[in-house]
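Sequence positions in the sequence shown follow our numbering and run 4 to 890.
What follows is a single structure, written as structure tokens, with notes after it.
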Amino acid sequence: MFNLEDSIDQWLRNFYGHRAFDHGSIREMELHLRDHIEDLMAEGHDEKEAFQLAVADFGEIPKMAKEEFWNQRRKTTIKTLIYTAMIKNFYFTTIRNLLKHKSYFLINILGLAVGMASFTFISLYIFNELSYDRFHANHENIYGVRTESVIRGQLRNGATVAAPMARSMMDNYPEVVRTTRVLRSGALLVDNGNEKINESQILFADSGFFSVFDFRLLKGNPRTALQHPKSIILTEDYVRKYFGDQDPMGQKIVIEDTVFYTVTGVLENVPPNSHIQFSMLGSLNTKPINNTNHWIGTDLYTYAVLKEKTKIDELEGKMKQIFYDHIAPEIEYYTGMTIDDWEKTGNSVGFNLMPIKDIHLYSIATGELEPTGNITYIHAYALIGVIILFIAIFNFINLATAHSATRAKEVGIRKVVGSTKRNLIFQFILESVVLSLMACALAFVITIASMPSFIGLIGNDLAFDITSNYIAWLAMAGLAIVVGILAGSYPSFVLSRFQPVEVLKGNFSSPGRSGWLRNLLVTLQFSASIVIIAGTIVVYSQIDYMLVKNLGFDKEQILVIERPDWLNNNLEVFKNELLKNPNISSVANSETIPGKIYGTRSYRKNNNNEVYLFKNNQVSYEHKELLGFEISAGRFFSKEFASDSNAVVLNESAAKSLGIDEPLGAHLITPWKKGQLLTIIGIVKDYNIESLHNSVAPVLLELAPNNNGGYVSVKMQNSKNIRETVTFVENAWLRHSNDKPFDYFFFDEDYQNLYKSESTTGQMFVLFATLSIFIACLGLIGLVTYTASIRRKEIGIRKILGAGTSTLVRLLSTQIARLIIFATIVSWPLVYFVTDYWLRNFADRTTVGLWVYLSSTLAIVAIVGVAVSFQTIKTTMSNPMESLRQD
Numbered sequence: 004m005f006n007l008e009d010s011i012d013q014w015l016r017n018f019y020g021h022r023a024f025d026h027g028s029i030r031e032m033e034l035h036l037r038d039h040i041e042d043l044m045a046e047g048h049d050e051k052e053a054f055q056l057a058v059a060d061f062g063e064i065p066k067m068a069k070e071e072f073w074n075q076r077r078k079t080t081i082k083t084l085i086y087t088a089m090i091k092n093f094y095f096t097t098i099r100n101l102l103k104h105k106s107y108f109l110i111n112i113l114g115l116a117v118g119m120a121s122f123t124f125i126s127l128y129i130f131n132e133l134s135y136d137r138f139h140a141n142h143e144n145i146y147g148v149r150t151e152s153v154i155r156g157q158l159r160n161g162a163t164v165a166a167p168m169a170r171s172m173m174d175n176y177p178e179v180v181r182t183t184r185v186l187r188s189g190a191l192l193v194d195n196g197n198e199k200i201n202e203s204q205i206l207f208a209d210s211g212f213f214s215v216f217d218f219r220l221l222k223g224n225p226r227t228a229l230q231h232p233k234s235i236i237l238t239e240d241y242v243r244k245y246f247g248d249q250d251p252m253g254q255k256i257v258i259e260d261t262v263f264y265t266v267t268g269v270l271e272n273v274p275p276n277s278h279i280q281f282s283m284l285g286s287l288n289t290k291p292i293n294n295t296n297h298w299i300g301t302d303l304y305t306y307a308v309l310k311e312k313t314k315i316d317e318l319e320g321k322m323k324q325i326f327y328d329h330i331a332p333e334i335e336y337y338t339g340m341t342i343d344d345w346e347k348t349g350n351s352v353g354f355n356l357m358p359i360k361d362i363h364l365y366s367i368a369t370g371e372l373e374p375t376g377n378i379t380y381i382h383a384y385a386l387i388g389v390i391i392l393f394i395a396i397f398n399f400i401n402l403a404t405a406h407s408a409t410r411a412k413e414v415g416i417r418k419v420v421g422s423t424k425r426n427l428i429f430q431f432i433l434e435s436v437v438l439s440l441m442a443c444a445l446a447f448v449i450t451i452a453s454m455p456s457f458i459g460l461i462g463n464d465l466a467f468d469i470t471s472n473y474i475a476w477l478a479m480a481g482l483a484i485v486v487g488i489l490a491g492s493y494p495s496f497v498l499s500r501f502q503p504v505e506v507l508k509g510n511f512s513s514p515g516r517s518g519w520l521r522n523l524l525v526t527l528q529f530s531a532s533i534v535i536i537a538g539t540i541v542v543y544s545q546i547d548y549m550l551v552k553n554l555g556f557d558k559e560q561i562l563v564i565e566r567p568d569w570l571n572n573n574l575e576v577f578k579n580e581l582l583k584n585p586n587i588s589s590v591a592n593s594e595t596i597p598g599k600i601y602g603t604r605s606y607r608k609n610n611n612n613e614v615y616l617f618k619n620n621q622v623s624y625e626h627k628e629l630l631g632f633e634i635s636a637g638r639f640f641s642k643e644f645a646s647d648s649n650a651v652v653l654n655e656s657a658a659k660s661l662g663i664d665e666p667l668g669a670h671l672i673t674p675w676k677k678g679q680l681l682t683i684i685g686i687v688k689d690y691n692i693e694s695l696h697n698s699v700a701p702v703l704l705e706l707a708p709n710n711n712g713g714y715v716s717v718k719m720q721n722s723k724n725i726r727e728t729v730t731f732v733e734n735a736w737l738r739h740s741n742d743k744p745f746d747y748f749f750f751d752e753d754y755q756n757l758y759k760s761e762s763t764t765g766q767m768f769v770l771f772a773t774l775s776i777f778i779a780c781l782g783l784i785g786l787v788t789y790t791a792s793i794r795r796k797e798i799g800i801r802k803i804l805g806a807g808t809s810t811l812v813r814l815l816s817t818q819i820a821r822l823i824i825f826a827t828i829v830s831w832p833l834v835y836f837v838t839d840y841w842l843r844n845f846a847d848r849t850t851v852g853l854w855v856y857l858s859s860t861l862a863i864v865a866i867v868g869v870a871v872s873f874q875t876i877k878t879t880m881s882n883p884m885e886s887l888r889q890d
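Shown next as structure tokens:
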């Protein structure tokens, strides 16, 4: 039985396999076929005959496909040739315009290049910060185990946990796949037979280190390299440093003059975007802490690999039991309190898991292996980068619209000879992209040439090498194309709207709707520049405030020597010898100094179970004189009182926290002194041991019982003869330390490192504020040029009628003055919110006065005044008769 619909469907299927027919063509043939069948049936044919005749009239399918294919091929070829010729014409037109208007194109390319180079630098920095620890293949499942405690209502976050934690997690929680632990030992003396060097880049790790992390081992077995005690791995740089071109495997190096370590591996240099930095990695099996079962005072950096899709909140909740099983009994032993009573006083201890990829930017824990970044700064840099890039794009738009008067006739002629609006838009966007690619090439050169200076500014190597990374090249090229399209879109629509009749008559006027947008863009430029300038002022004001603020101690002209333990029993002899130098006024030794890490110890009042945690420092008798502490009550340690070996001195914050009306003479007890009564003999005024990000910490000072390491601090009388004084100290050191390395630093310079991040931020703000102002000034030239071009007849008439240069300068500057006022209104609230948000990072901060707001606006006024006056005066000095002539 014949079915017409099935037959038509079957016939149409024959066309689907041919590339000459698309869906539209097949649909059109179907309609023709059905119409033909209806006509044939109207003539008296039945359905089958009508179908067969209609199909026969269409012809053979292969022949039809071949004819259709070549028809489309010819059309495509013709279109391709036309578009190729058109693009070639547009390209040469762009080059001719570039050569004809060199200054315009130079300003445009320079503005875009500086903007893209700035954006590239900021992007590289941000990508580097965001890439930390992501080179580990399993970084999504690696977590740092952290301590989170509340002691007397104060939240404390620590980057370490007790040494047995890793083993306990592996034994009790199936979510944990692997763990590893890391110990930071501090500086150690390394001797390879030729020289002795005090090395600080040494860590110790257990044998599971390479099963967790993907640091690349070039020589040695990752499973066994850290398995045995006294094994050590060196990075490539340190192999060259200690062994030159020799094979280090199996060689011996001596650490601390007594322990021989065997080199069991060579490691590729640690990537700069790792929060774990080291040059030597020793076996943790060498250290007694490796097998300890104590849960208090045995802190290690602990990392765990978890199973995928582990619910972190649930695991952290289960880890609370570790506290009750292991830490609580030790707290009860040391404090004499039940754990219930201890918790009732507002104390608690818990643990959290932080993804390793988040540690660098999000950690607020104390005692991190390396200084951390700040995600707030990343957001600020990203905002600045986008602002600078868009300032450059706005400049291009302003300059292009200002330049439109010179392209009016060209547009009119092209429209007369048949060019469509679409072709004109394509032409001008193509020109914009070509200019953007040229600017991109210049930006690439600027980036490469300035990279060493930029690395010096941020103080870190970048994980990405833009010169050898083809992805970075493609990204820059893509950025150039996107910028070209964004920057060229609006000018192209403005130019394509010109009416050819009016233009060719000489009655050219730019479409009025472009004025508000142009003014808006310039206002945004000014606003952004004011915010960046004000931000720079606030950052530097805060840094200056932190450095000149009375910190409660004197850090000037103090030379600090590391490793006094090398002096052994010669410490006092060494100190007395230094005092013979007339330029040395005081010498003291201490376990730590402000700006360095302070240990924390627990204390309680006699006959009271309430526990207090104080920052602790072991100091010598001269500590007060050297740092210039002010005594607010009682006295400092003195050799005249033998009982001072069991005495303590508190700062005001520690004394206040005790809640005692008369703290002098009161007694404290600490497990560290095995229950001995410690008498409070003095109170010193508060001083900052940490940066001003943190409030003043409660500090307790004890008398150093002997030479227990730390630092020897040497106070100089004045800044004269510093070199000679340092040489004198070094010679004395070498005599009394048996020629150990003389490593020292100046206290004030080292203390500034606490604000390294803020200092870097301030310098970057200055750099990019300068660049944003430079780019904005280029845009102003475009605005003034445009204003002068559309008011050239008015300027000419005014000059003929006697208007002076100052009058014309005021005339052309009025609009810009209004824009600055609008920008000030917009930017000042932003300045307030942005600076207030940033200053919340500091417990002690500077005040932002009205002068900050006024200074940022006046800076823009001054810079704009210079830029605008030059261009305006140049315009007003031209011959008025020229401006009255019609083209």
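From the three backbone atoms N, C-alpha and C, an ideal C-beta is built for every residue, glycine too.
Buried/exposed call for residue i, threshold 16 Cβ in 10 Å
| i | result |
| --- | --- |
| Thr817 | exposed |
| Gly662 | exposed |
| Leu781 | buried |
| Asn609 | exposed |
| Asn709 | exposed |
| Thr341 | exposed |
| Val436 | buried |
| Glu317 | exposed |
| Gly515 | Only weak support exists for where Gly515 lies, its pLDDT of 45 falling under 50; the coordinates are left without a value. |
Span separating the alpha-carbon of residue i from that of residue j
| i | j | result |
| --- | --- | --- |
| Gln679 | Asn350 | 24 Å |
| Ile778 | Leu392 | 10 Å |
| Lys323 | Gly161 | 16 Å |
| Tyr615 | Ser660 | 8 Å |
| Gly481 | Leu433 | 14 Å |
| His278 | Asp136 | 7 Å |
| Ile587 | Ala307 | 51 Å |
| Ser716 | Ser134 | 39 Å |
| Thr348 | Asn611 | 12 Å |
| Ile29 | Leu477 | 41 Å |
| Asp568 | Thr182 | 34 Å |
| His139 | Leu842 | 35 Å |
Per-residue DSSP class, three states only, for residue i
| i | result |
| --- | --- |
| Arg638 | coil |
| Asp343 | helix |
| Ser134 | coil |
| Tyr624 | coil |
| Lys957 | The chain is shown only over 4 to 890; residue 957 falls outside these bounds and no answer can be derived. |
| Ile40 | helix |
| Gln894 | With the chain covering 4 to 890 only, the question about residue 894 has no answer from this structure. |
| Asn160 | strand |
| Thr603 | strand |
| Gly868 | helix |
| Gly515 | Reliability of the predicted coordinates at Gly515 is poor, the pLDDT of 45 falling under 50, and the value obtained from them is presented with this limitation in mind. In the structure shown, Gly515 sits in coil (DSSP, three-state: anything other than H, G, I, E or B). |
| Ile564 | strand |
| Val614 | strand |
Contact test: residue i Cβ vs the ligand MG heavy atom, cutoff 6 Å
| i | result |
| --- | --- |
| Asn398 | Questions concerning the ligand MG fall outside what the structure shown contains, since it holds no ligand whatsoever. |
Cβ separation of residue i and residue j, assumed to be a contact under 8 Å, to the nearest whole Å
| i | j | result |
| --- | --- | --- |
| Gly370 | Thr526 | Gly370 to Thr526, Cβ: 48 Å. No contact. |
| Leu270 | Thr238 | 5 Å |
| Leu681 | Val651 | 5 Å |
| Leu706 | Val622 | 7 Å |
| Leu192 | Ile258 | 7 Å |
| Asn649 | Val687 | Not a contact, Cβ separation roughly 19 Å. |
>> Just to confirm the assignment: which complete alpha helix (DSSP H) runs, minimum length 4, are found wholly within the stretch 649-732?
In response: Those alpha helix (DSSP H) runs which fall completely within the stretch 649-732 and span 4+ residues are 655-661.
> Could you give the uninterrupted runs of the alpha helix (DSSP H) lying entirely in the stretch 210-298, keeping only those of 4 residues or more?
Replying inline: Qualifying alpha helix (DSSP H) stretches, in chain order: 212-215 and 239-246.
> Could you give the uninterrupted runs of the alpha helix (DSSP H) lying entirely in the stretch 165-211, keeping only those of 4 residues or more?
Replying inline: If we require 4 residues or more, the alpha helix (DSSP H) runs fully inside the stretch 165-211 come out as 168-175.
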